[in-house]
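Input: a single structure, listed below in structure tokens.
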Amino acid sequence: MPLFEYRCDKCGHVFEHLAMRSDERPSKCPQCGSRKLEKQFSAFSARTGPDGSDSSCTSGTCSTGTCPLS
Ligand SMILES: [Zn+2]
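The C-terminal residue of the sequence shown carries number 881 in this note's numbering, and the numbering is unbroken.
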């Protein structure tokens, strides 16, 4: 299950969201309630590409240091 990180465009609050589906996203900021959320790509979501597809480790080393696919 992909864990995405979102940043609120209004208050700058960064929070993680566990997506049950690939197209799922949080409806609003848990801190201020703003709907202007920007998806972040942190180490937590390193195995998932910007288009939601699974990016496998072709180099053999992950940015996180631990390969989730091995
Ligand atoms: Zn906010």
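Heads up, the beta-carbon is just placed ideally off N, CA and C, and yes, glycines get one too.
Problem - Bridge partners - R818, DSSP secondary structure assignment - result: The beta-bridge partner set that DSSP reports for R818 consists of V825, E849.
Problem - Which listed residue (P837, D820, H824, K821) has its alpha carbon closest to that of L814 - result: When C-alpha distances from L814 are compared across P837, D820, H824, K821, the shortest belongs to P837.
Practice task
Check the C-beta distance from E827 over to E835 and give it rounded, since I have them as a contact under 8 angstroms.
Solution key: Contact flag wrong, Cβ pair sits at about 13 angstroms.
Handout entry: Alpha-carbon spacing of G844 relative to L829, whole angstroms
Key = Taking the straight line joining both Cα atoms gives about 18 angstroms.
Practice task
Determine the contact status of K850 and K821, defining contact as a CB-CB distance below 8 angstroms.
Solution key: Contact: no.
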